[in-house]
Amino acid sequence: MGAQKRKAAASSSQVKQSAATATINAAAAAETGFQRGGASALTPLEHREISNQVASDLFNNKSVEIASDDEKTESTTKPVKKRKTLGKSTKQKSLREKTPNVEIERLHAQKLIPGTLLLACISAVKDMEISVDLPFQLSGRIPITEISEEVTAAVERVAEGSDSDSEDEDEDMDSDSDESGPKLPQLKEMFHIGQYVRCRITGVKMEDVQGKVRAVIELSMRPASVNQEVPKVDLTEGVTATASVHSVEDHGYTLSFGIDDITGFCKTKEAQTYVDQYNKGNELVAGQVLECVVIKGGNSRTVQVSIDPKKVAAGLAKDPSKSLDSVVPGLLVNGLVEEVVPQGLVVKFMGLYTAKIHHSQIPHTDDLTKVYKPADNIKFRTLYTVMGADEKIVGGSLLPHIVSLSTPTNKDGKSVFEVLAYGTVLDTVTVQRSSKTGVTAFIPDIENVNAFAKPGHINDQGVFDYKGTYGPGTTHRARVLKYWGVDAVASVSLNSAVIDQKYMSRHDIAIGDRVKATVKALTPNGLIVSLTPSIDGYVPSNHFSDAQLTKPEKKFKPDSSVSCRVLNLDHERKQILLTAKQSLVESKLPIFESFEDMEAGKTSHGVIERLQSTGCMVRFYGRARGWLPLNQMSETQIDNINDAFRVGQTVRAHVLSVNKGTRRVLLSLIKDGKKKEEPIKEKPAKEDKKLKQQKKTDLSPEEIAAAREQRRAEKKAKREEIRLEKKKRRQEKREAAAAAKSQKNKDESDEDEEMEEQENGVDAMEIDTTEAAAASDDSSDEEEDAEEQDTQEPTAKDDSSSSSSSESESEDEDDSKSKAGALSLGGFDWSGQKTQNDSDSDSSDSDDEDTNQKKKKNKKTPVEDKTAELASSAPQSVADFERLVVSSPNSSYIWVNYMAHQLQLSEIEKARAIAERALKTINFREEQEKKNVWVALMNLENTYGTEGSLEDVFKRSCTYNEPKDMYLQLANIYERSQKKDKAEALWKRALKEFSQASDVWTQYAKFCLQHDNAEAARELLQRCVKVLPKHEHIKTITRFAQLEYKHGEPERGRTIFEGVLNSHPKRLDIWNMYLDMEIKFSAPESVNRLFERMTAMKLSSKKMKFIFKKWLQYAQQHGSEDDVELVKQKATDYVNSS
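Numbering-wise, our numbering comes out as the position in the sequence shown, counting from 1, plus 58.
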């Protein structure tokens, strides 16, 4: 018996050895016959593992068992059926025992690392980026610079402002810029929602969004990045790959895989289906990224591919990849099930590699073990590859839409992205699975798409009855929050409050909607309200009520309800403008939302936006505006428009006329736009005035110049006479006051002294009353002179010429922005001596203000400024300053000087306390006064405090003021105190915080140029064009050119202007800026050449008259008589030719 057993064991050993030998020989034969040739890529250890695995599989699946004689004898007495059943169970039990348990986990954003490859589905296409859905309900974004090499090159050309190096490529690339300039790709025409793309993670950042930490996954879909580990030999027939269109040829397209020494070519017929289905019949453009399948490979440098969606979906990778590293997502492969676990499947593919398929990537089944068995053959698509602790982990998907690379549809054939759009209400969903982690439900009429609700989206408490109310088989209403394209799962909310919510996003709100809002915060300029928990709106202060509110905080208390109406929507800035005026909220008249809605004869309610002496501008809803002339504002005569109307007043306006060419709308407050007979009598007077002006224009230029010179001389003599009289009276008052003071006893009480100071103040006010009257006479004379000049000389009244002067001075305005207001940043004097030196000028200025306030008795007067008392009797003690701050609590000038007084006494803490007291005392409506105190406090901390104290004050100031203004103020403080490094660091912070603000870029460039860092300033120009909105480009570039003239190299500024004018030759305002810089910094010859270029252009007669007028003035000031005659001759030639 023992001998028989030993014999059987020896026989079994021989069989195993021969099977292993056969396996090794088979592997060697397969290696020898490998199509690509060369040595084996497997190591000896891998050969041994493969041999052992094959031998194990051979013995576990053999049909004939080797048994001893005793066993054969026993088998004759046992039923065959029982023996087979035991053998099958024993095989499955053996498989479970021999195969180790494998954990199949979901991907989490926190665990993702750069370099991970994923199959993504495009969910949104924007101008500068693409949003994609990732596996396991993750999302990411792809910036425009990470799409393809061709797109990146096009973006760089736009940023540099240079023409394209390849004209063919430019023609293929769509553009949203000017026709003559570089072209920017139109991503919305290159990609479509639902398109599958392969991506590589470039970074994962955690951002705080509304108090919640959210992972932001940055991706790249450049073929060179996705295929960087794919060798050339892996591009065999049936393999799918991602590629970008490199160029358009006569019979097809050249594609780039981003792999060295190989390119792809797609014939036109192989691309026609994709072009018709997804490209709207337009040919492909350079830079467009596509999924393609190799239809003819080889060892050459070019492979033939197809982008036909059906062929790409059916492309099967038959040959194994060279290594596991070269396996990428999106490959369709055959697999062999190795293990079935509750979390999913473990699959062997390509005979060498292992993939894991999570149960969420498998079509729904109650029990995986009943559907999938070990050793089953399946076909799946690789979904992701991520680097694990020991080796790369490959994930797969068996979902039908992933395997077929298609988008699920409903019964009507509509895409699931349309059917399950954000905010869609589903009347019925049936719960499929329910647990503490959430509810999974079926969506009717859509196959293979489920809905999932988290506990927080079921009710507000996040705790629910998952066995009863929300158990399997129950039905509920739901609202779609997000559809995930890769997982085919719709995130929904079962909360009735969310389902019944009227607005889910800003896009659901329409202009003119009446809404109920909740007050969140009251600011000096407006009211912040909440429309929904996730949507906020803003009510400007002039829309609080129909009547002016002196204490709005009593009406708008936190958490109180207010009825509003939507005035305007700005989706780019994510702003909703509302009105709380009852006249607008309850108005039943039709609304004017745009120019197209305004037709003659229609009536609507509007709000006065701006008052002028000749009429007012009325604003309606959206961007609709109209002009209301003075003679149409009332049936009776209006002497002073400011007495009859105010800014923010609601009016019922009738549309008189609409000019579609100029897009101008004329309004009237009079019914039918017709007055009574009284206004008609004024028409002859107007006609007489026009005739009078016409007669003036008939005078010769010499007569006009002589009359103007005579008038100026008369006005100058009158001003001189008034000035001398004023000076004389002031001197008499001072002498009288000095004589009165000399006769007083030194022991007089403080009360008598205060009374005398008040009397002196009254006398000073009387003197300044005369001065103000003289000044008003002078100003009226100047207005008449300007009116006469406008009548006699041609002016360009169109938009371009009228904006030329303001544009040419834009740089000077930027330089003075940080110095505006009551407090001068340029030279704040902490010593307090500036008050003594400037007392006379300050006294006269303050008296002028008091006089003007007396003349406007009927108007609402602002808070009285007692700065005159400070200037005339310079305070020397704390008591003096206390009296001043009590009399003028809103004057930042007094508070800041009070701080300076304490600093003279080395009382730094007291100076800080005074600043804090000023911030609490000054009225919240006096924003500029408060800002002055904040700037003074930052000056104090910069000089006497520490870096920590200054940073604390700076952060607080940003909370109460416009943050951008405070950044600019602090940067100027650092610059004046010679702290260059800190100033530069702050400028860099400001660029990150306010990258969309043009003045921050230009101010920083000015700082760099002033500190001999021209290269950094010029680099800023290249960067800002990539970041700033398109409408800011021209303004910003011209400001950089002006900075080059003033602080850098005028030649470079000239080059920048030439480049802008090359793209916008008809912009007269840019020509004027260019001309002003040339006049200041260039020779007369260069200026004259520029004038000649301007006059050679084909412009309107008004613009040409404006140019010739300016040229003539320049020739008279800087040229000779010959130059003047030359200009006149050219003007005459132009008139004759026209």
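C-beta: ideal position from N, C-alpha, C; glycine also.
C-beta atoms of residue i and residue j nearer than 8 Å
i: R258; j: G173; result: yes
i: V577; j: V507; result: no
i: V550; j: F602; result: no
i: L1086; j: S1121; result: no
i: V474; j: Y541; result: yes
i: R660; j: P648; result: Reading the sequence as shown, one finds Lys at residue 660 and not Arg. Yes, the pair counts as a contact, with Cβ atoms nearer than the cut-off.
i: Y254; j: L463; result: yes
i: E1197; j: V1011; result: Residue 1197 is absent from the model: the chain starts at 59 and stops at 1196.
i: L669; j: F614; result: no
i: L589; j: Y561; result: yes
Burial state of residue i (16 or more Cβ within 10 Å)
i: A994; result: buried
i: P193; result: buried
i: E225; result: Any answer about E225 is weak, because its pLDDT of 45 lies below 50 and its placement is not dependable; what the coordinates show is given next. Under this definition E225 is an exposed residue.
i: P243; result: buried
i: Q962; result: exposed
i: S889; result: With a pLDDT of 39 at S889, under the threshold of 50, the modelled position of that residue is not reliable, and the figure given next carries that caveat. Exposed, by the Cβ-count rule.
i: I666; result: buried
i: S712; result: The amino acid at residue 712 is misidentified as Ser; the sequence shows His. Answer is buried; the Cβ neighbour count reaches 16.
i: K639; result: buried
i: P421; result: exposed
i: T81; result: For T81, the predicted structure reports a pLDDT of 41, less than 50, and the residue's modelled location is therefore unreliable. A value from the coordinates is still provided. T81 is buried by the Cβ-count criterion.
i: P281; result: buried
i: S554; result: exposed
i: H1089; result: exposed
i: M279; result: buried
i: D545; result: buried
i: L1079; result: buried
i: A658; result: exposed
Top-ranked residue by Cα proximity to residue i, from the options
i: D617; options: V597, T608, A575, N600; result: A575
i: E208; options: S652, R788, S305; result: S305
i: T486; options: T532, G355, L293; result: T532
i: V991; options: N1030, P281, Y1002, S950; result: S950
i: F249; options: G261, E287, S302; result: S302
i: V284; options: A211, D383, V370; result: D383
i: G570; options: L580, N517, G584, I634; result: I634
i: S197; options: G296, V370, T427, G543; result: G543
i: K437; options: P458, Q690, K774, T423; result: P458
i: Y1032; options: F407, A1041, Y1025, I980; result: A1041
Neighbourhood of residue i by C-beta, 8 Å cutoff - its chain only, sequence neighbours within 5 removed
i: L636; result: V573, A575, V587, G595, Y596, V597, H601, C622, R623, V624, L625
i: P513; result: K494, T495, G496, G520, V521, F522
i: L1170; result: V1182, V1185, K1186, A1189
i: P591; result: none
i: D434; result: L394, V395
Own chain, CB closer than 7 Å to residue i, minus 5 neighbours either side, in chain order
i: V404; result: V160, E396, E397, T412, K414
i: K469; result: D503
i: D655; result: A682
i: C324; result: G310, Y311, L313, C350, V363, S364, I365
Contacting residues, own chain, Cβ-Cβ under 6 Å from residue i (five flanking each side not counted)
i: S453; result: Going by the sequence as given, residue 453 is Gly instead of Ser. If we look at G453 and ignore the five residues flanking it on each side, its Cβ neighbours are K414, L441, Y442.
i: P687; result: G673
i: P920; result: In this prediction, P920 has a pLDDT of 45, which is less than 50 and means its spatial position is unreliable; what the coordinates show is noted afterwards. So no residue of the chain qualifies.
i: K246; result: V183
i: S189; result: S181, A182, R199
i: A329; result: I365
i: L342; result: V303, Y311
i: M1024; result: S1015, C1016
i: I980; result: N948, E987, K988
Proximity test, Cβ basis, 8 Å: residue i and chain E
i: A937; result: Of the chains in the structure shown, none is chain E; there is only one protein chain.
**OP:** Evaluate contact between the stretch 359-370 and the stretch 396-405, counting only Cβ atoms and requiring at least three cross-stretch pairs below 8 Å.
**Re:** no
Subject >> the stretch 976-991 / the stretch 953-967 touching (three or more Cβ pairs under 8 Å) >> reply: yes
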